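Here is the structure we will look at, set down as structure tokens.
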Ligand code: NAD
Ligand code: GLY
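Rendered as structure tokens:
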């Protein structure tokens, strides 16, 4: 088992990474109170909720469950209200711990419910997708979507602990494994060329779910994220680099309808666009972009975005949370393994970046 630490100004907490950790009550116990609300969805509840319920039952913890419908399209106010309804009807108080059991959608929503219910109750992340294990469960970003933009309503709110049970990945569908791999590759692209090379060398085995390699990939990504979040908890600066590919990616997700393109798929295509934009501003070569496309393809991810009108791309990207004083800011690459924040003042480089991906 690996133990990492996230040290933010607001809170310090551990990340545990290993196999069958869901059964290890001793890891959970110091971080939960006597009463617990488990938030999950219909899919994950069928697969992994009984294990958690048994552990809590056997150790005398009082709990109730909130089982939401499955899908990005349900990451909204209605689902959030279902969580609040359950918390109120079960008389949850400020000592009730909310446990998120699921992927990023459940983690983000349960986290936002925890941040806001009675102005904040303790919260635990048990991420069950590769994407949530390497990214969304760490660092305290919580949110729901708005019809006009992804993750537009949310809060920074750190969990008490992140418990990563790699055994839960055994039941993850192939397409979701790929989606998670997009965020894994993102870490290499934005800040660690050696990790990118390691991923290139090991991608076939990672996609075959080699346990040792997956554990190493999850550990590496969590450590990188913990280091970045420790420097900049509320994204004033360096944390924005974690958004590589996300400005284009969120535009894809919103335009296509939440859930049609998986978040990781949109991040993969969005990262390729970020590379092409980097070429436009002169910092990357076409051969670098080809290398990036190849690693996404090796992870069975899309390397091209869907086509839609330039005005639609712009409308979505203007909602991006990195926009400052009306100016759009993008994460670009100075070179592979080194990202930076670039303000794009005129539309020309964006038009050129998207030229091949515009509908007629
Ligand atoms: P998800 O939560 O929708 O999970 C993907 C699918 O896998 C769902 O159908 C889910 O039910 C299923 N699933 C989950 N665990 C499973 C398991 N062990 N076995 C079988 N099926 C399982 O999607 P995701 O990719 O985990 O997360 C994407 C979300 O995370 C997006 O909403 C994105 O905006 C958000 N996100 C947040 C952050 C952050 O910092 N908070 C970072 C990245 C992404
Ligand atoms: N996933 C981006 C962040 O946590 O900042």
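In the numbering used here, the protein residues as written are 2 to 361. Where is the CB? At the ideal position from N, CA and C, for every residue including glycine. Given the structure is predicted, the values throughout are model-derived calculations rather than measurements.
Ligand 2 heavy atom lying under 7 Å from the CB of residue i
i	result
residue 323	no
residue 240	yes
residue 294	no
residue 140	yes
residue 234	no
residue 243	yes
residue 86	no
residue 109	no
Nonlocal neighbours in the same chain, by C-beta distance under 6 Å from residue i, ignoring five residues either side
i	result
residue 168	20 and 21
residue 248	318, 321 and 331
residue 132	105, 180, 181, 184 and 265
residue 223	5, 16 and 139
Residue i - DSSP class collapsed to helix/strand/coil
i	result
residue 25	coil
residue 329	strand
residue 102	strand
residue 347	coil
residue 137	helix
residue 80	helix
residue 125	strand
residue 283	coil
residue 86	helix
residue 212	helix
residue 13	strand
residue 155	strand
residue 52	helix
residue 323	coil
residue 142	strand
residue 166	strand
residue 246	coil
Residues bridged to residue i [DSSP beta-bridge criterion]
i	result
residue 147	150
residue 293	The partner list for residue 293 (beta bridge, DSSP) is empty, contrary to what the question assumes.
residue 42	69
residue 199	Note: residue 199 sits in no beta bridge, so no partner.
residue 64	37
residue 340	334
residue 262	259
residue 179	Looking at the DSSP assignment, residue 179 forms no beta bridge with any residue, so it has no partner.
residue 5	16
8 Å Cβ shell around residue i - same chain, five flanking residues per side excluded
i	result
residue 230	7, 9, 139, 140, 141 and 240
residue 35	62, 63 and 96
Cβ-based neighbour list, residue i, same chain, cut-off 7 Å, excluding 5 preceding and 5 following
i	result
residue 154	144, 145 and 147
residue 68	41, 42, 43 and 46
residue 189	196, 197, 200 and 338
residue 245	187, 190, 191, 272, 275, 332 and 340
residue 116	143, 156 and 158
Near ligand 1: residue i beta-carbon under 7 Å from a heavy atom
i	result
residue 71	yes
residue 363	Residue 363 falls outside the range modelled here, since the chain spans only 2 to 361, and no answer is possible.
residue 192	no
residue 106	yes
residue 79	no
residue 180	yes
residue 177	yes
residue 363	This structure cannot speak to residue 363, because the chain is shown only from 2 to 361.
residue 187	no
residue 173	yes
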